[in-house]
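Participant:
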Amino acid sequence: MLGLDKISLIWIILPFIIGAVVYTKIVRHKTGDPLRDSVKNLQVMITVSGVVMAVLWFSLPPTAVLGSFGYPHEIQDINSQEKLLELLQDYNKAILRTTEVVYWLLFISMFWVLTAVYQLLKVYKDKLDKETAKQYETTN
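One point on numbering: in the UniProt record's numbering, the residue at position 81 of the sequence shown is 81, and numbering is uninterrupted.
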């Protein structure tokens, strides 16, 4: 599509990982309210994850490689071992690239977004625990 299918995925993902580390350690919004900070962090992580997933989508191999017009229709299309080898190599590259993209999508979904959601839920739970403790103290 955009030529991203020729670049190793680690070089495509690495700037986003570095950006996430820099954001969470340095630039992160700190308003003093942990719940508000966690919500803002979740918003940023979901936005960045969406951008990364769009970039990964453009990293997929063109569908022509695996499309119906890519299949040999007659035996003459693969009558030599060289043609058969070329066809199998094209399919192998497309399958390998698709597998890599799925791997990174799962990684981003599991560790990047879910970590931000976990952080938000933990802060919200702590806030509820404080409110519950405060109510318990006032009733006793």
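The beta-carbon is built from N, C-alpha and C at its ideal position, and this holds for glycine as well.
Suppose you measure from the CA of PHE16 to the CA of VAL52; what does that come to, to the nearest Å?
Facilitator: For the purposes of this step, residue 16 is taken as residue 16 along the sequence shown, with counting starting at 1. For the purposes of this step, residue 52 is taken as residue 52 along the sequence shown, with counting starting at 1. Cα to Cα, the separation comes out at about 7 angstroms.
Participant: From PHE69 to ASN79, what does the alpha carbon distance come to, in whole angstroms?
Facilitator: Along the sequence shown, read from residue 1 onward, the residue named residue 69 stands at position 69. Along the sequence shown, read from residue 1 onward, the residue named residue 79 stands at position 79. A caution first: PHE69 carries a pLDDT of 49, below 50, which makes its placement in the model unreliable, though a value can still be read off. The alpha-carbon atoms of PHE69 and ASN79 are separated by roughly 18 angstroms.
Participant: In this structure, how does DSSP classify ILE7 when only helix, strand and coil are distinguished?
Facilitator: One-based indexing of the sequence shown puts residue 7 at position 7. Three-state DSSP puts ILE7 in coil, outside helix and strand.
Participant: Looking only at its chain, what residues have a beta carbon closer than 8 angstroms to the beta carbon of THR98, apart from the 5 residues adjacent to it on each side?
Facilitator: Residue 98 sits at position 98 when you count from the first residue of the sequence shown. So the list reads LEU60, PRO61, once near-sequence residues are dropped.
Participant: So, with DSSP's three-state summary, where would you put ASP90?
Facilitator: Residue numbering aside, residue 90 sits at position 90 when the sequence shown is read from its first letter. ASP90: helix per DSSP, three-state reduction.
Participant: Below 8 angstroms, how does it come out for the region 38–54 and the region 101–115: are there three or more Cβ pairs, yes or no?
Facilitator: These segments touch.
Participant: Which of the three DSSP states, helix, strand or coil, is assigned to PRO62?
Facilitator: Translated into positions along the sequence shown, residue 62 becomes position 62. PRO62 falls in the coil class under three-state DSSP.
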